[in-house]
Each structure stands twice: as C-alpha cells, then as structure tokens.
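I have placed the structure first, in the form of structure tokens, so that the comments after it can refer back to it.
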Amino acid sequence: MTSGTLIALDLAPQICAAITRRGQILPDDVGILSYLPKSDSRLSESEVDALGALARARLPACPDWGRFFAENVGAWYLDAFASRAPDRAQAQWLIDYLGGEGAELTTAQFRLLMQVMENLESCPDELLSFARACLVRAMGAEIESRRGQVGKA
C-alpha cells in the first residue's frame with residue numbers, strides 16, 4: 009500500500025451481522041456504517057445486501073436508521089442500479105429486496121420505498137401496486153391495534 013491509498017474494506021456485511029446478533033440498531037451503528045471506507049461514494053452490492061438483511065431483521069432501531077437506510081440505498085438504486093425510470097425487472101428487484109409481495113414493511117423499508125418512488129420519472133405498475141398494498145396493510149394493522157385499545161384506560 010502506498011501512502012495516501014485507501015483500501016476499500018467490505019466491512020458492512022460483518023458489521024450488519026454483528027448488529028443483528030445484538031438485536032438492536034443504535035445511533036453509533038448508523039455512525040459506523042456512515043463512515044465505512046469506500047473506493048467511491050457509492051454503496052457496493054454487498055453493502056446494499058447487508059443493509060437490506062439488517063432492515064428485514066425488523067430490529068428495534070434508533071431514529072437515524074430509517075433516514076440512513078432510505079437515503080443510501082435509495083441513492084444507490086436510483087443512481088447506480090435502476091435509474092429514474094426502472095424497467096419491470098428493476099422494479100421487481102426492489103419489491104423482492106423489501107421482502108416481496110405480502111411483506112409488512114418496517115419504517116425504514118417504507119421510507120426507502122417512498123424515497124425511490126418520489127424520485128422516479130416513471131413508475132412501473134408492479135411497483136405502484138406493491139406500494140399501495142403495503143400502505144393498505146400498514147393502515148389495517150394500525151386500525152387493528154387501535155381496536156384493541158378501545159375502552160382501556
């Protein structure tokens with residue numbers, strides 16, 4: 009290694025696995041993930057995969073996690089993977105990444121979905137239908153949780 013050369017270590021998978029084992033996403037975890045060395049400013053595919061697995065683990069998380077996840081994975085999806093006019097296969101990739109049809113999204117996952125959709129020039133019908141179904145499930149879960157609280161003091 010020559011002076012001034014930064015080696016891009018792919019540490020995100022190991023860090024995300026350690027966070028998953030601990031069972032909670034803390035502000036320090038988001039800070040560490042934010043400052044991992046990279047050869048460029050984009051996430052690598054293994055980082056995207058590791059962050060997705062961490063999001064799907066449905067762990068209790070600090071408020072910074074959802075913003076970090078949506079901004080970074082959203083930027084990767086829009087700028088490095090699918091562009092702002094994804095085709096059906098790229099839309100399906102995002103659907104599968106978020107857990108597939110029938111998935112109940114975490115706040116971080118829902119933020120990612122909204123971040124991507126807000127920045128698209130065109131949205132495939134499959135992605136729009138997926139987002140609509142996720143919203144209906146989330147609203148239904150909210151209504152059901154409130155029904156159980158009616159009459160309780």
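Residue 9 is where the sequence shown starts when you use the working numbering, and the numbers rise one by one after that.
A virtual CB, placed ideally from N, CA and C, is assigned to each residue, including glycine.
Whole-angstrom distance between residue j and residue i, CA atom to CA atom
i: GLU53; j: LEU59; result: 10 Å
i: TRP101; j: LEU121; result: 12 Å
i: LEU106; j: ARG64; result: 7 Å
i: SER137; j: PRO71; result: 28 Å
i: ALA97; j: GLU112; result: 21 Å
i: GLY110; j: PRO21; result: 26 Å
i: GLY162; j: GLY108; result: Absent from the model: residue 162. The displayed extent of the chain is 9 to 161, so no value can be given.
i: ASP18; j: TYR43; result: 12 Å
i: LEU143; j: GLY39; result: 30 Å
Cβ-Cβ distance between residue i and residue j below 9 Å
i: ALA69; j: THR28; result: no
i: TRP84; j: VAL56; result: yes
i: ASP95; j: PRO132; result: yes
i: LEU86; j: ASN127; result: yes
i: ALA90; j: ALA78; result: no
i: GLN32; j: LEU67; result: yes
i: SER130; j: ALA93; result: yes
i: LEU51; j: CYS24; result: no
i: ALA141; j: PHE118; result: no
Cβ-based burial, residue i [other Cβ within 10 Å; buried from 16]
i: VAL81; result: buried
i: GLY12; result: Residue placement at GLY12 cannot be trusted, given a pLDDT of 42 that sits under 50; what the coordinates show is reported in the next sentence. So GLY12 ends up on the exposed side.
i: ASP37; result: buried
i: LEU135; result: buried
i: ALA139; result: buried
i: ALA26; result: exposed
i: ILE15; result: Note on ILE15: pLDDT 45, under 50, position unreliable in the model; no value is reported.
From the options, residue whose alpha carbon lies closest to that of residue i
i: ARG75; options: GLN22, GLY148, ALA116; result: ALA116
i: MET5; options: VAL144, ASP18, ILE103; result: Given a span of 9 to 161 for the chain in the structure shown, any question on residue 5 remains unanswerable.
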